[in-house]
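Undergrad: Let me give you the structure first, and then I'll get to my questions.
Residue numbers (UniProt numbering): 1 to 192.
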């Protein structure tokens, strides 16, 4: 037993000293060119340009990839809005359609025609229209005393900021458009 333990310990130590590759975590789409992310991905075989992935002024992948339900990623794969997502993301929708007679969670479901598809009332799918850096606006509100720095992380402040920015934008009044402000990098950056 001691021999096995020593062998396991040696194996763990060897693995611990293997080189690892860090890719800097989650990337922000609007910073792809600035951070040369597309260049690094091209070196690994990417065939798309950075503008093909994210461009707020024309069609790009941002128009096919969105937020499924409460925050999962989803992809539109047909002109009619057929969505792909991970099983755990669609679990609630699958459960909503399941019954004792039709256990779709266990048995799965396949619609052979458009008529057989099961709509999911209340399911939302959101697209990113654009990403805007609003850090200076937040910092100005803190400097002017309009808000305390610690309050910039609170829902009420972020919601009010998003509403103000949307109201002042060219997207104001367009159907289906909403805005969300979020802190990044421990509050050193704010994006809408």
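Yeah, the Cβ is synthetic: ideal placement off N, Cα and C, and Gly gets one too.
With a threshold of 8 Å, are at least 3 pairs of Cβ atoms found where one atom belongs to the segment 112-130 and the other to the segment 65-75?
TA: With the cut-off at 8 Å, the segment 112-130 and the segment 65-75 touch.
Undergrad: Using the beta-carbon count (16 or more within 10 Å), is residue 161 buried or exposed?
TA: In the chain shown, the residue the question calls residue 161 occupies position 161. Buried.
Undergrad: Over what stretch of residues does the alpha helix (DSSP H) that includes residue 176 continue unbroken?
TA: Along the chain shown, one-based indexing puts residue 176 at 176. Careful: residue 176 lies outside any alpha helix (DSSP H) and carries neither H nor E.
Undergrad: In the DSSP assignment, find the alpha helix (DSSP H) that holds residue 120 and state where it starts and stops.
TA: On the chain shown, residue 120 is found 120 positions in, with the first residue counted as 1. Counting along the chain, residue 120 falls outside any alpha helix (DSSP H), and DSSP gives it neither H nor E.
Undergrad: Here's a check: name, in chain order, each residue in its chain whose Cβ is nearer than 8 Å to the Cβ of residue 134, leaving out the five neighbours to either side.
TA: Position 134 of the chain shown, counted from the start, is the residue given in the question as residue 134. Correct list, in chain order: 161, 165, 181, 190, 191 and 192.
Undergrad: Assign residue 127 to one of three DSSP states: helix, strand, or coil.
TA: Translated into positions along the chain shown, residue 127 becomes position 127. In the structure shown, residue 127 sits in a strand (DSSP, three-state: E or B).
Undergrad: So who's on the other strand from residue 75, going by DSSP bridges?
TA: Counted from its first residue, the chain shown places residue 75 at position 75. 65 and 84.
Undergrad: Which of the three DSSP states, helix, strand or coil, is assigned to residue 171?
TA: For the purposes of this step, residue 171 is taken as the residue at position 171 of the chain shown. Reduced to three states, the DSSP call for residue 171 is coil.
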